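In this note's numbering, the protein residues as written are 301 to 753.
Working notes for the structure below.
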Ligand code: 5AD
Ligand code: SF4
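Given below as structure tokens:
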């Protein structure tokens, strides 16, 4: 195994990207070197996602491509890690030549041993889930990314058991990482020049480490690092802590942006989905968010075409989205997953065309809402953290507002990692355009905002 080159290709959520950085660290500690493409690698890992059928399909196709690459190269080790590991371990091992290693989300420390087994000519599998593993002592190695924004995982697993969701089965029980190790990682990121940190978990408001709750964690992290802006993903509407709203309102470096997944807009559907809140409670929470944090930006997740969905229920989802006017929404057609409650108890009975039609109605309405809310941004001032050059031109920079909107503006003499005060001049439904005003900082920008003109 000396000086082998490895490549990890990552699918799925931010948590998976964070896990890839943990595995980078484990492999590099074992003397292996990361490379930037599959072609250069001796070992390829695919970090997989099971959330919807199409996520899995993409992975299967990719694995077939790697099988051809393996034939060409003669020698190549291919591993599957992440959420698909448990469910397809048999299939994967049976499919001759497709995969040598299967490793689940809680078994990454075992990868060096698994690689030895493969070296000795065996297939290697470890998909054991754990009640304790948080990889707290492993410092993730960020080999890709922009060097400005980072994800830090604060907990693993999920105990919510939403009827549609496979995550509790792929990632196991919920457990929180010690606050001290989270704060240490943030401090290291700050020393490396990172300016934005997103704290990650499947259900962050149930973070609890020895009595320390999520609000306390956000408080400590943001107080210790005033020039780092913090985001988090994802909270659950059922028990969102109100003290956190007050903290966000008063702390300049806690972003005024909350991703708060609704999934659906009717009580009947929410109940079938095993989401323990009503439409009214959800809307009340949104009102509180807007009262306590004026101008807060909101995003959500929505599923169209879940089991037994009626046209009325679909309309209720549409109307909820219209009432809230989300700044951003992630919208999906329901995809049945084995082992979930929905798979065991309900029938996936909304025809594919109906799912697609409802989803496109939802998307169309949302695009109109975003277009309008972005138009209303014209003339406003924002503090943008520059993440890099814009996709279209190296003469322009792009970054995000505190409210998580993407902004593009002329480069002038600004650069990556700068906080720039800008004035919005135009928009599309996805991007704001702006004129840069001055280089700034979180403290300076907020001092200016606090004093009425
Ligand atoms: N089908 C479609 N979308 C799903 N999600 C989770 N499970 C499914 C499924 N089986 C969506 C939810 C969740 C987001 C991460 O993915 O909206 O919040
Ligand atoms: Fe996909 Fe969910 Fe696993 Fe993330 S936790 S990789 S979204 S299945």
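Positions of the beta carbon are idealized from the N, C-alpha and C atoms, including for glycine.
Since the structure is predicted, the reported quantities are computational estimates derived from the model, not experimental observations.
Bridge partner(s) assigned by DSSP for residue i
i: residue 531; result: 498
i: residue 307; result: 344
i: residue 557; result: 597
i: residue 681; result: 723
i: residue 333; result: 305
i: residue 733; result: 708, 726
i: residue 455; result: 476
i: residue 633; result: 604
i: residue 403; result: 381, 426
i: residue 563; result: 602
Per-residue burial, residue i [other beta carbons within 10 Å of its own, 16 or more giving buried]
i: residue 535; result: buried
i: residue 419; result: exposed
i: residue 350; result: buried
i: residue 394; result: exposed
i: residue 311; result: buried
i: residue 526; result: exposed
i: residue 397; result: exposed
i: residue 413; result: exposed
i: residue 725; result: exposed
i: residue 684; result: buried
i: residue 738; result: exposed
i: residue 321; result: buried
i: residue 651; result: exposed
i: residue 444; result: exposed
i: residue 569; result: buried
i: residue 672; result: exposed
For residue i, three-class secondary structure by DSSP
i: residue 689; result: strand
i: residue 739; result: strand
i: residue 317; result: helix
i: residue 355; result: helix
i: residue 615; result: helix
i: residue 301; result: In this prediction, residue 301 has a pLDDT of 48, which is less than 50 and means its spatial position is unreliable; what the coordinates show is noted afterwards. Note: residue 301 maps to coil in three-state DSSP.
i: residue 491; result: helix
i: residue 709; result: strand
i: residue 381; result: strand
i: residue 628; result: strand
i: residue 413; result: helix
i: residue 408; result: helix
i: residue 697; result: strand
i: residue 448; result: coil
i: residue 460; result: coil
i: residue 376; result: coil
i: residue 361; result: helix
i: residue 326; result: helix
i: residue 505; result: helix
i: residue 602; result: strand
i: residue 745; result: helix
i: residue 539; result: helix
i: residue 350; result: coil
i: residue 623; result: helix
i: residue 388; result: coil
i: residue 575; result: coil
i: residue 714; result: coil
Supposed close pair residue i, residue j - CB separation, criterion 8 Å
i: residue 687; j: residue 716; result: 7 Å
i: residue 532; j: residue 499; result: 4 Å
i: residue 509; j: residue 448; result: The Cβ separation is near 28 Å, so there is no contact.
i: residue 471; j: residue 456; result: 6 Å
i: residue 677; j: residue 729; result: Not confirmed; about 12 Å, so no contact.
i: residue 416; j: residue 402; result: Going by Cβ atoms, the distance from residue 416 to residue 402 rounds to 15 Å, so no, they are not a contact pair.
i: residue 754; j: residue 342; result: In this structure the chain extends from 301 to 753, so residue 754 is not present and cannot be described.
i: residue 486; j: residue 452; result: 6 Å
Delimiting residues of the alpha helix (DSSP H) encompassing residue i
i: residue 567; result: 567–572
i: residue 248; result: Any answer about residue 248 is impossible in this case: the structure gives the chain only from 301 up to 753.
i: residue 470; result: 467–471
i: residue 545; result: 542–550
i: residue 606; result: Segment: none, residue 606 is in no alpha helix (DSSP H) and carries neither H nor E.
i: residue 515; result: 514–524
i: residue 660; result: 652–675
i: residue 645; result: 641–645
Start-to-end residues for the beta strand (DSSP E) that takes in residue i
i: residue 427; result: Careful: residue 427 lies outside any beta strand (DSSP E) and carries neither H nor E.
i: residue 443; result: It is not in any beta strand (DSSP E) - residue 443 carries neither H nor E in the DSSP assignment.
i: residue 397; result: That residue, residue 397, is in no beta strand (DSSP E); it is neither H nor E in DSSP.
Cutoff 8 Å: residue i Cβ touching any chain B Cβ
i: residue 701; result: No chain B is present in this structure, which holds just one protein chain.
Any non-hydrogen atom of ligand 4 closer than 7 Å to residue i Cβ
i: residue 317; result: This structure simply doesn't include ligand 4; it includes ligand 1 and ligand 2 instead.
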